[in-house]
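Peer 1: Questions regarding the structure given below will be posed in turn.
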Amino acid sequence: MTILPTIRPRIGNVLALATFITLAIASFYVYTGKSTQDAWIPTIPSWKRHPIQKLIILAQARKREVLGQESHHVDEAAIKYRRRRHRHPPPGFHVWFSYAQDKNAVVVEEFFDRIYHDLNPFWALSPQEMRKRSNEVNWDHVVTVRDHQANITKTNSHDAMNRMSHWHGLIKELEAFLPDMTIAFNHMDETRVLIPYDKINDMMRVEAQNRTMPAAEVVISDFSVPKNETPEADQFFDAQWNSDGIGANQYWDLAKLACPPGSPALSFSSIDASHDPADMPTGFPHHSFSGYVSNWTLSKDPCQHPALRSLHGTFIESISKSTSKHLLPFFGGSKLPMNNEILIPPAMYLSTEELYAGGRSTGPAWDKKFDRLVWRGVASGGRNKEDNWTHFHRHRLLQMLNGSTVDSVERGRFLKNATSFSIPNFKKYPLGVHDKNESLGAWVASFTDVGFTNLWPFPNGANYSKPYFQLQQPLPMSTQYKSKYLIDVDGNSFSGRFRAFLRSTSLPIKSTIYAEWHDSRLIPWVHFVPMDNSYVDLYGILDFFMGYKGAGGHDEAAKVIAAEGREWAERVLRREDMALYTWRLLLEYARICDDNRDLLGWVDDLL
1 MTILPTIRPR IGNVLALATF ITLAIASFYV YTGKSTQDAW IPTIPSWKRH
51 PIQKLIILAQ ARKREVLGQE SHHVDEAAIK YRRRRHRHPP PGFHVWFSYA
101 QDKNAVVVEE FFDRIYHDLN PFWALSPQEM RKRSNEVNWD HVVTVRDHQA
151 NITKTNSHDA MNRMSHWHGL IKELEAFLPD MTIAFNHMDE TRVLIPYDKI
201 NDMMRVEAQN RTMPAAEVVI SDFSVPKNET PEADQFFDAQ WNSDGIGANQ
251 YWDLAKLACP PGSPALSFSS IDASHDPADM PTGFPHHSFS GYVSNWTLSK
301 DPCQHPALRS LHGTFIESIS KSTSKHLLPF FGGSKLPMNN EILIPPAMYL
351 STEELYAGGR STGPAWDKKF DRLVWRGVAS GGRNKEDNWT HFHRHRLLQM
401 LNGSTVDSVE RGRFLKNATS FSIPNFKKYP LGVHDKNESL GAWVASFTDV
451 GFTNLWPFPN GANYSKPYFQ LQQPLPMSTQ YKSKYLIDVD GNSFSGRFRA
501 FLRSTSLPIK STIYAEWHDS RLIPWVHFVP MDNSYVDLYG ILDFFMGYKG
551 AGGHDEAAKV IAAEGREWAE RVLRREDMAL YTWRLLLEYA RICDDNRDLL
601 GWVDDLL
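Going by the working numbering, the sequence shown opens with residue 1, and the numbers climb by one from there.
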């Protein structure tokens with residue numbers, strides 16, 4: 001969908017309406033028996049089907065729609081580009097497409113929507129201003145391309161995870177096809193560019209009003225960005241970074257200002273984590289279908305879910321904070337939906353380390369796996385302290401998956417100030433264990449292998465969380481892959497393991513509030529199982545797939561999603577696909593920085 005100037009104030013209503021209509025249509029087909037039945041869906045009356053079954057059927061229809069949009073020839077790809085973007089493709093588009101064909105890439109124009117969502121506001125800045133802002137005075141992680149040579153020109157010791165090396169390596173692969181440019185990277189976990197809604201909406205309006213497709217005869221096919229442009233001292237831009245309140249829970253109050261009018265988030269301020277309780281849902285989460293995620297985009301949007309200010313470490317106390325209200329060409333691996341960084345494949349996805357790449361093994365065949373859910377990780381998510389840790393998402397996940405803790409909470413024997421969750425309403429989420437009137441905690445304990453490998457307390461060495469979490473040894477990815485279910489949640493920002501989980505033979509169960517480059521490529525309920533960020537649907541998801549004591553489960557459905565996710569990841573999330581995305585992103589970025597940008601394009605198919 002082309003981003004028009006009115007999209008942001010109405011996006012919540014439009015997407016909610018679209019979800020309702022889509023589900024209504026899907027329900028018609030399901031209830032009238034006209035949907036295509038996959039082998040694992042039992043032939044039972046549709047009104048008896050579980051909500052997850054209906055969501056899977058709907059998602060399969062979406063998959064078929066996406067596959068029908070693939071381009072197989074550069075002329076076809078150019079037509080679809082113009083139809084969706086209302087511009088000519090950028091210079092070098094034919095070379096880019098030829099590379100895609102050589103690498104057997106799946107080219108669907110929709111897969112690149114994120115690029116235009118991120119870059120379109122920059123068309124409101126002049127090319128000269130774009131180049132000036134790419135030379136922000138405080139940039140400390142920069143790759144420059146000059147005369148088709150990509151080099152790291154700024155970095156520092158704070159890049160402990162070696163992000164710059166991975167990003168530079170990717171751009172180095174593309175340097176022969178890129179004009180001169182300056183690319184600044186966010187090395188922090190936290191997202192940093194937050195433009196107030198009114199300002200960014202005005203920029204989107206300017207872009208839409210000035211969008212043009214000049215006649216092919218006048219189009220310029222070569223970039224003209226000034227070469228070796230070295231800015232004078234007065235040509236550097238000062239983004240006026242705000243680092244006030246580091247360690248305080250102020251990020252929510254900054255972030256919500258970027259939400260569209262009418263967003264529920266605007267009515268809520270940051271909580272006092274030392275006194276205010278966690279805001280766990282008492283009914284079905286918004287943007288769900290009978291309690292299960294139906295709109296993945298809206299379900300992870302904090303603008304739509306103000307309860308997240310009390311349920312996610314990003315909004316409780318981040319490790320660091322440095323934000324700007326100026327639109328900056330600042331590249332990063334993830335961001336919140338309301339942030340304004342330019343997304344690029346994360347450095348972790350480019351790494352060959354087993355923790356992020358998964359190693360050589362992708363796991364045994366499904367039928368050889370343990371009927372078990374596994375998770376290992378550190379207690380990240382922000383700066384957890386004695387008076388705030390019960391609001392952190394990773395702590396909540398571990399408590400909800402600890403059988404002893406669940407049993408104590410269920411019996412009312414757990415200290416209230418040490419509990420990060422409440423038992424979901426079983427009338428909303430009926431479970432097999434309750435049909436048998438047996439213990440939820442015992443059921444959870446029967447299939448989970450989860451634990452923190454480091455509690456990361458603040459101050460270091462503090463013991464406040466030790467009574468509630470028993471440290472576990474790390475598990476190699478190859479060992480984790482022996483279990484059928486891999487749960488994946490945010491850390492300080494996005495999870496760097498998601499791509500490896502998708503490429504495994506296990507089934508990822510995923511929650512996040514962060515946007516990534518690949519979001520348009522993945523279909524929830526086809527390639528992975530989405531989970532609400534409150535985790536209120538967690539037990540319902542596990543009950544659907546695993547059942548209770550061998551009864552009522554849908555193991556075959558889990559097997560199918562795991563297999564489809566793995567196959568799809570090997571088609572659209574390869575390093576070659578990340579290179580193609582980055583290549584196209586940088587061509588579009590270079591065009592915006594070019595003095596001739598309104599005439600730049602590829603039009604060979606029209607001549």
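Idealized CB from N, CA, C, for every residue including glycine.
It should be emphasised that the depicted structure is a prediction, and the values quoted were computed from it without experimental measurement.
Return the residue from the list His391, Arg360, Tyr356, Ile171 that minimises the CA-CA distance to glycine 377.
Peer 2: Reading the sequence shown from its first residue, position 377 is the one you call residue 377. Ranking His391, Arg360, Tyr356, Ile171 by Cα distance to glycine 377 puts Tyr356 first.
Peer 1: So for arginine 591, helix, strand or coil by DSSP?
Peer 2: By 1-based counting over the sequence shown, the position of residue 591 is 591. Here arginine 591 sits in helix by DSSP.
Peer 1: For the beta strand (DSSP E) containing serine 483, list its first residue and its last residue.
Peer 2: Here residue 483 is taken as the residue at index 483 of the sequence shown, counted from 1. Segment 483-488, the beta strand (DSSP E) holding serine 483.
Peer 1: Could you pull the DSSP bridge partners for tyrosine 535 from this structure?
Peer 2: If you number the sequence shown from 1, residue 535 lands on position 535. Per DSSP, none; premise fails for tyrosine 535.
Peer 1: With distances taken between CB atoms, is the gap from lysine 172 to alanine 208 smaller than 8 Å?
Peer 2: Taking the first residue of the sequence shown as position 1, residue 172 is located at position 172. Taking the first residue of the sequence shown as position 1, residue 208 is located at position 208. For lysine 172 and alanine 208, no; Cβs fall outside 8 Å.
Peer 1: Quick one: is phenylalanine 494 buried, meaning 16 or more other Cβ sit within 10 Å of its Cβ, or exposed?
Peer 2: Along the sequence shown, read from residue 1 onward, the residue named residue 494 stands at position 494. Buried, by the Cβ-count rule.
Peer 1: CA-CA distance, serine 636 and glutamate 217?
Peer 2: It is not possible to answer for residue 636, since the shown part of the chain is limited to 1 through 607.
Peer 1: Please work out which residues of its chain come closer than 7 Å, Cβ to Cβ, to serine 380, disregarding the five sequence neighbours upstream and downstream, and give them in chain order.
Peer 2: Counting from one through the sequence shown, the residue named residue 380 turns up at place 380. Answer for serine 380: Arg394, Trp456, Gly491, Asn492, listed in chain order.
Peer 1: Given a cut-off of 8 Å on the beta-carbon distance, is the pair aspartate 118 and valine 145 in contact?
Peer 2: Along the sequence shown, one-based indexing puts residue 118 at 118. Along the sequence shown, one-based indexing puts residue 145 at 145. No.
Peer 1: Under the three-state reduction of DSSP, which class applies to serine 511: helix, strand or coil?
Peer 2: Translated into positions along the sequence shown, residue 511 becomes position 511. Coil.
Peer 1: Is methionine 400 close to chain C, meaning its C-beta is less than 8 Å from at least one C-beta of that chain?
Peer 2: Absent from the structure: chain C. Only one protein chain is present.
Peer 1: Report the start-end ranges of each beta strand (DSSP E) in the segment 369-441 that is 3 residues or longer and not cut off at the edges.
Peer 2: 370-378
Peer 1: Do tryptophan 241 and threonine 323 have their C-beta atoms closer together than 8 Å?
Peer 2: Along the sequence shown, one-based indexing puts residue 241 at 241. Along the sequence shown, one-based indexing puts residue 323 at 323. Yes.
Peer 1: What is the DSSP secondary structure of methionine 181, counted as helix, strand or coil?
Peer 2: Indexing the sequence shown from 1 puts residue 181 at position 181. Reduced to three states, the DSSP call for methionine 181 is strand.
Peer 1: Sort Phe414, His86, Val74 by Cα distance to tyrosine 99 and report the nearest one.
Peer 2: By 1-based counting over the sequence shown, the position of residue 99 is 99. Tyrosine 99 has its Cα closest to that of Val74, out of Phe414, His86, Val74.
Peer 1: Indicate whether valine 137 and threonine 153 have their beta-carbon atoms separated by less than 8 Å.
Peer 2: Numbered from 1 along the sequence shown, position 137 holds the residue referred to as residue 137. Numbered from 1 along the sequence shown, position 153 holds the residue referred to as residue 153. Contact: no.
Peer 1: Work out the CA separation of valine 409 and tyrosine 468 for me, nearest whole Å.
Peer 2: For this step, residue 468 is matched to residue 468 along the sequence shown. For this step, residue 409 is matched to residue 409 along the sequence shown. Cα to Cα, tyrosine 468 sits roughly 12 Å from valine 409.
Peer 1: CB-CB under 8 Å to threonine 362, same chain, minus the five flanking residues each way: which ones, in chain order?
Peer 2: Along the sequence shown, read from residue 1 onward, the residue named residue 362 stands at position 362. Excluding residues within five positions, the ones whose Cβ falls inside 8 Å are Tyr481, Arg503, Ser504, Thr505, Arg566.
Peer 1: Measuring only the C-alpha atoms, how far is valine 95 from proline 524?
Peer 2: Here residue 95 refers to the residue found at position 95 when the sequence shown is read from its first residue. Here residue 524 refers to the residue found at position 524 when the sequence shown is read from its first residue. The alpha-carbon atoms of valine 95 and proline 524 are separated by roughly 32 Å.
Peer 1: In chain order, what residues of the same chain have a beta carbon less than 6 Å from the beta carbon of serine 27, not counting five sequence neighbours either side?
Peer 2: Reading the sequence shown from its first residue, position 27 is the one you call residue 27. Here serine 27 scores only 40 on pLDDT, less than 50, and its place in the model is too uncertain to base an answer on.
Peer 1: If you compare alpha carbons, which of Arg499, Cys593, Ser520, Asp598 is closest to glycine 358?
Peer 2: As a position in the sequence shown, residue 358 is number 358, starting the count at 1. Of Arg499, Cys593, Ser520, Asp598, the smallest CA-CA separation from glycine 358 is found for Arg499.
Peer 1: Starting from the Cα of lysine 335, find the closest Cα among Thr182, Trp517, Ala239 and give me that residue.
Peer 2: For the purposes of this step, residue 335 is identified with residue 335 of the sequence shown, where counting begins at 1. Of Thr182, Trp517, Ala239, the residue nearest in Cα terms is Trp517.
Peer 1: The alpha helix (DSSP H) spanning glycine 313 covers which residue range?
Peer 2: Counting from one through the sequence shown, the residue named residue 313 turns up at place 313. Taken as a continuous stretch (DSSP letters only), the alpha helix (DSSP H) holding glycine 313 covers 313-316.
Peer 1: Please work out which residues of its chain come closer than 6 Å, Cβ to Cβ, to serine 422, disregarding the five sequence neighbours upstream and downstream, and give them in chain order.
Peer 2: By one-based count along the sequence shown, residue 422 stands at place 422. Answer for serine 422: Met280, listed in chain order.
Peer 1: Taking the continuous beta strand (DSSP E) assigned at isoleucine 152, which residues delimit it?
Peer 2: As a position in the sequence shown, residue 152 is number 152, starting the count at 1. First-last of the beta strand (DSSP E) with isoleucine 152: 149-154.
Peer 1: Examine the Cβ distances between the segment 567-586 and the segment 528-547 and report whether three or more of them are shorter than 8 Å.
Peer 2: no
Peer 1: Provide the residue(s) that pair with threonine 362 in DSSP beta bridges, ordered along the chain.
Peer 2: Counting from one through the sequence shown, the residue named residue 362 turns up at place 362. DSSP output for threonine 362 lists no bridge partner at all.
Peer 1: Could you give the DSSP three-state label for serine 27: helix, strand or coil?
Peer 2: The residue labelled residue 27 in the question sits at position 27 within the sequence shown. In this prediction, serine 27 scores a pLDDT of 40, lower than 50, which makes its location untrustworthy; the coordinate-derived value is nonetheless stated afterwards. DSSP places serine 27 in helix when its eight states are reduced to three.
Peer 1: Should serine 318 be labelled buried (16 or more other beta-carbon atoms within 10 Å of its own) or exposed?
Peer 2: Your numbering for residue 318 matches position 318 in the sequence shown. Burial call: buried.
Peer 1: Comparing alpha-carbon positions, which option in Leu522, Ser520, Tyr535 lies nearest serine 511?
Peer 2: Residue mapping note: residue 511 aligns to position 511 of the sequence shown, counting from 1. Answer by Cα proximity: Tyr535.
Peer 1: So which of Arg133, Ala265, Pro476 has the shortest CA-CA distance to tryptophan 375?
Peer 2: Translated into positions along the sequence shown, residue 375 becomes position 375. Comparing Cα positions, the closest option is Pro476.
Peer 1: Would you mind working out which of Lys559, Thr479, Ile316 sits nearest aspartate 449, comparing C-alpha positions?
Peer 2: Taking the first residue of the sequence shown as 1, we reach residue 449 at position 449. Among Lys559, Thr479, Ile316, the Cα nearest to that of aspartate 449 belongs to Thr479.
Peer 1: Where does arginine 87 sit, in a helix, a strand or coil, going by DSSP?
Peer 2: For this step, residue 87 is matched to residue 87 along the sequence shown. In the structure shown, arginine 87 sits in coil (DSSP, three-state: anything other than H, G, I, E or B).
Peer 1: Indicate whether tyrosine 349 and isoleucine 52 have their beta-carbon atoms separated by less than 8 Å.
Peer 2: Locating residue 349 in the sequence shown gives position 349, where the first residue counts as 1. Locating residue 52 in the sequence shown gives position 52, where the first residue counts as 1. No, these two residues do not count as a Cβ contact at 8 Å.
Peer 1: Does glutamine 399 pass the burial test, meaning 16 or more other C-beta atoms within 10 Å, or should it be called exposed?
Peer 2: Translated into the one-based positions of the sequence shown, residue 399 becomes position 399. The residue is buried, with at least 16 neighbouring Cβ atoms inside 10 Å.
Peer 1: Ordered along the chain, which non-local residues of its own chain (more than five positions away) have a Cβ less than 6 Å from that of aspartate 140?
Peer 2: Locating residue 140 in the sequence shown gives position 140, where the first residue counts as 1. Taken in chain order, the residues that qualify are Lys154, Asn156.
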